[in-house]
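Asker:
Residue numbers (our numbering): 30 to 224.
1. Suppose contacts are defined by Cβ-Cβ distances below 8 angstroms. Is residue 83 in contact with residue 112 by that definition?
2. Mapping the DSSP letters down to three states, classify residue 45 as helix, strand or coil.
3. Tell me, which residues are paired with residue 217 by DSSP?
4. Taking a contact to mean a Cβ-Cβ separation below 8 angstroms, would you say residue 116 touches residue 221 in this structure?
5. Return the chain-ordered list of same chain residues with a C-beta closer than 8 angstroms to the C-beta of residue 227, the five sequence neighbours on each side being excluded.
6. Residue 75 and residue 45: beta carbons closer than 8 angstroms?
7. Exposed or buried, residue 190, counting other C-beta atoms within 10 Å across all chains shown (16 or more means buried)?
8. Which of helix, strand or coil does DSSP assign to residue 123?
9. Quick check on the DSSP output: the alpha helix (DSSP H) that includes residue 116 runs from which residue to which?
10. Near residue 109, what residues of its chain come up, given a Cβ to Cβ distance below 6 angstroms and the 5 sequence neighbours on each side ignored?
11. Suppose you measure from the CA of residue 163 to the CA of residue 129; what does that come to, to the nearest Å?
12. Could you tell me if the beta carbon of residue 81 falls within a distance shorter than 7 angstroms of some heavy atom in the ligand PLP?
13. Could you check where the alpha helix (DSSP H) with residue 198 kicks off and where it finishes?
14. Excluding the five sequence neighbours on either side, which residues of its own chain have a C-beta within less than 8 angstroms of the C-beta of residue 40, listed in chain order?
15. Between 143, 42, 71 and 59, which has its C-alpha nearest residue 80's C-alpha?
16. Assign residue 151 to one of three DSSP states: helix, strand, or coil.
17. Assuming residue 135 contacts residue 47 (C-beta within less than 8 angstroms), just tell me the rounded distance between them.
18. Can you list, in chain order, the residues of its chain whose CB lies under 7 angstroms from that of residue 127, leaving out five sequence neighbours each side?
19. Could you tell me the alpha carbon to alpha carbon distance between residue 206 and residue 174, rounded to whole angstroms?
20. Terminal residues of the continuous beta strand (DSSP E) containing residue 88?
21. DSSP on residue 222, reduced to helix/strand/coil?
Structure (structure tokens):
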């Protein structure tokens, strides 16, 4: 779901972003860095400052996922960086190899700005979640658990459609127990346009 004030990208812009992601991964294999983006070579719709995540699948299994939650670069440049990061900087995986390159499936998520949620309890939070729509950022900072943070993109609802399971797995990703709850827990939500 894109930001309401910004138009959804057309097919040619979406194709361009997929090509940039693939080219940045190929560039990374050769040179060890993301592809350099010259903005004048791309349509103005791709110049807007946006945060993105790139998810890579190989043979139907996750192969890498990296991105940013805050918009700091032009969209096309952020895609080049998130694609490179997903291929070579995800600590859960070894770097992508040349042999894997033609078999990678690339999924790009363009994030809308996150908005803090207000809730009185875990049940209240669960009741506000919109399965298939909301991406969540969960953060906690306390003397007992330290600083913890994790996010799930809206696409994660495809594998975790139940709100309670979605939240429990997100807590675990952030390094917290599934049943953890405190009054200092913060949750923000965002939507994402899938490319």
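Ideal Cβ positions, reconstructed from N, Cα and C, are used throughout, including at glycine. In this text, all values refer to a predicted model and were calculated from it rather than measured experimentally.
Answerer: The answer reads as follows:
1. yes
2. helix
3. 145 and 166
4. no
5. One cannot answer for residue 227 here, as it falls past the ends of the chain, which runs 30 to 224.
6. yes
7. exposed
8. coil
9. 104-117
10. 49, 53, 63, 64 and 66
11. 31 angstroms
12. Of ligands this structure carries none, so the ligand PLP is not represented either.
13. 192-202
14. none
15. 143
16. helix
17. 6 angstroms
18. 58
19. 10 angstroms
20. Element bounds for residue 88: n/a, residue is neither H nor E.
21. strand
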